[in-house]
Each structure stands twice: as C-alpha cells, then as structure tokens.
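What follows is a set of notes on a single structure, which appears directly below.
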Amino acid sequence: MNKHMQTIGMVVVPFLPLFTAVMNIVKSLNIICENAKYNERICKALLVRVEIIQHVVNSLLWKKKENVENFREQNYYHAWVRLIDVLTNIENFAKAVTQQAGLQKYSNANFLQQSFDRNIKEFKSVCTELQFKIALYSTQTFAVEPFLPLFSTVTNVVDGLYTTYENAKCNKKICLALIDCVEIVQQAVKSLVRRQHQQENVENFRNQTYYHSWIRFINVLKIKLSTVRFGPV
C-alpha cells in the first residue's frame, strides 16, 4: 500500500465508529418496526430516512478518495457526531411510540405530531449541513408524512374503542356504532397510504386546509371516545 492510500485510510478512521453507529441504528429500527404494536407507519417513515444515511455511508466508504478532503475537516466530523445524536433521538422516539410502555408520553396527538416533526426537521437540518444530496428525498413519498401521526391516532382510537367495548357496563350499542364508523375511516386511511403516489392524493397531502381538516376530525374522534368511556363531556 502506498503512502497516499495509507493517508486516505488514516483520515477515515475517526469516522468508522460513527458509520458503525448508523448501521446499528438501522438494524435497531428494523427490529422496532417488526415488533411495533402501535404507530408502525411512523416507524417505517423514520426507517426510510435512516436507511438513506446507510446508503450515504456505503457510498462514502466506496469513494473514500473522492471524499478525503471532507474527512480531514473538523466541522465535517462534528456534523457527523450531531447526525448520530439525531439518529439516536429518532431511534428512541420510534421505540417509545411503538410500544405500550412508552406510548403514554405521546398519548396527546398534538405532542406526537410535534415530536415527529421535530425529529424530521433536525434530520433534514443536519443532512443539509453535511451536504447530502436532497435528490435522495422523494417529494411524493414524503408528502404523506405529516399525516402519519394523525393516521396512527385513528388506529389508536379504534383500539381504544375495542377495549372500551369489552369492558363497558353501559353505552355498548353506542360504542359498537362508533367502532363501525371509525373502522370505515381506518380503511380509508389504509387506502390513502396505499395510493399516496396518485397525483390527486399528493396534492391533498400538500394542502394545509386538508391537513387541518384531518386534525379537526381526529379531535372529534377523541371526544367521541372520551364520551363513550366517561359519559357526556
């Protein structure tokens, strides 16, 4: 090995633990998604982004020579450290919202939405800092993402209604009627996600009025669930 290649190898060494951390987080998120009891769509949306970083790592390792100047920059290294912090936060968030033990913290739909948005914003920010190609993002694929916490709330309401129905000592007929209605909405959500790339749906997902209508609808569902559980509010 010539001296030039040795130099390239040496400048990459400090980054190797960071690159290994990316691979480990990807593996962890895959396991979290496989075992998800709640909010699986949110988890998968996060996984797609982290897998983008995995592809970037593979590209950097394959093209070490072309990126040697970046590897020598302290700012570039520190940006990668921040990226790992962001990815770790994403991993912890995914772990919390997909399991019963951590879900209580995110039982408020607005807080769930804000936490999801914050993780995505921080991810985009550090990717921009590292000058990763924005072309890696598909605007059609990610147009639906702001809606995912709302769609997950629909599923959570259905689960809550089933639990309420099983334990109810009164209002069983009302609860069953609500289950029928909300299950129709749940099927509509599945259809929207399945057809998210159709132009009509993409345009809706980019429409703020459509988004706020979904928020109002989710709030109505939560009030209905609360009414069945505890009586009129």
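Be aware that the sequence shown starts at 109, since it is given in our numbering, and climbs by one per residue.
C-beta atoms are modelled at their ideal positions from N, C-alpha and C, and glycine is treated no differently.
Could you tell me whether the Cβ of residue i comes closer than 8 Å to any Cβ of chain B?
i: Val310; result: Going by chain labels, chain B is absent from the structure shown, which holds only one protein chain.
Leaving out the 5 sequence neighbours to the left and right, which residues in its chain are closer than 8 Å to residue i when beta-carbon positions are compared?
i: Asp225; result: Pro254
i: Asn175; result: Leu168
i: Cys151; result: Leu137, Ile140, Cys141, Ala144, Ala202, Val205 and Thr206
Assuming residue i and residue j are in contact, meaning their beta carbons sit under 8 Å apart, how far apart are those beta carbons, in whole angstroms?
i: Ile198; j: Phe231; result: 7 Å
i: Ile116; j: Lys173; result: 6 Å
i: Leu256; j: Leu269; result: That belief does not hold up - the Cβ atoms of Leu256 and Leu269 are roughly 21 Å apart, past 8 Å.
i: Leu137; j: Leu191; result: The Cβ separation is near 15 Å, so there is no contact.
i: Ile140; j: Thr206; result: 6 Å
i: Val328; j: Val290; result: The pair is not a contact, with the Cβ atoms about 11 Å apart (cut-off 8 Å).
i: Met131; j: Gln162; result: 7 Å
i: Val120; j: Phe179; result: 6 Å
i: Val266; j: Lys330; result: About 12 Å separates the two Cβ atoms, so there is no contact after all.
i: Val156; j: Phe240; result: The pair is not a contact, with the Cβ atoms about 14 Å apart (cut-off 8 Å).
Taking Cβ positions, are residue i and residue j nearer each other than 8 Å?
i: Val301; j: Val252; result: yes
i: Pro125; j: Tyr185; result: no
i: Gln208; j: Lys145; result: yes
i: Leu258; j: Trp322; result: yes
So the alpha helix (DSSP H) residue i belongs to, where does it begin and stop?
i: Lys152; result: Glu148 to Trp170
i: Arg302; result: Lys280 to Arg302
i: Pro125; result: Leu124 to Glu142
i: Val265; result: Leu256 to Asn275
i: Val252; result: Neither: Val252 is in no alpha helix (DSSP H) and is coded neither H nor E.
i: Ala119; result: According to the sequence shown, residue 119 is Val rather than Ala. Here the alpha helix (DSSP H) through Val119 covers Lys111 to Val120.
Spatial neighbours of residue i within its chain, please: C-beta separation below 7 Å, excluding the five flanking residues on both sides.
i: Phe201; result: Ser223 and Asn227
i: Asn147; result: Val205, Thr206 and Ser260
i: Ser167; result: none
i: Val158; result: Ile133, Val134, Leu137, Leu195 and Ile198
i: Ala153; result: Glu253 and Leu256
i: Lys332; result: Leu286
i: Asn218; result: none
Excluding the 5 residues flanking residue i on each side, which residues of the same chain have their C-beta closer than 6 Å to its C-beta?
i: Arg303; result: Asn309
i: Phe325; result: none
i: Asn312; result: Tyr318
i: Phe127; result: Val165
#### Entry: Runs of alpha helix (DSSP H) wholly within the stretch 177-229 (minimum 4 residues, chain order)
Counting only runs of 4 or more residues that sit fully inside the stretch 177-229, the alpha helix (DSSP H) segments are 182-205 and 208-211, in chain order.
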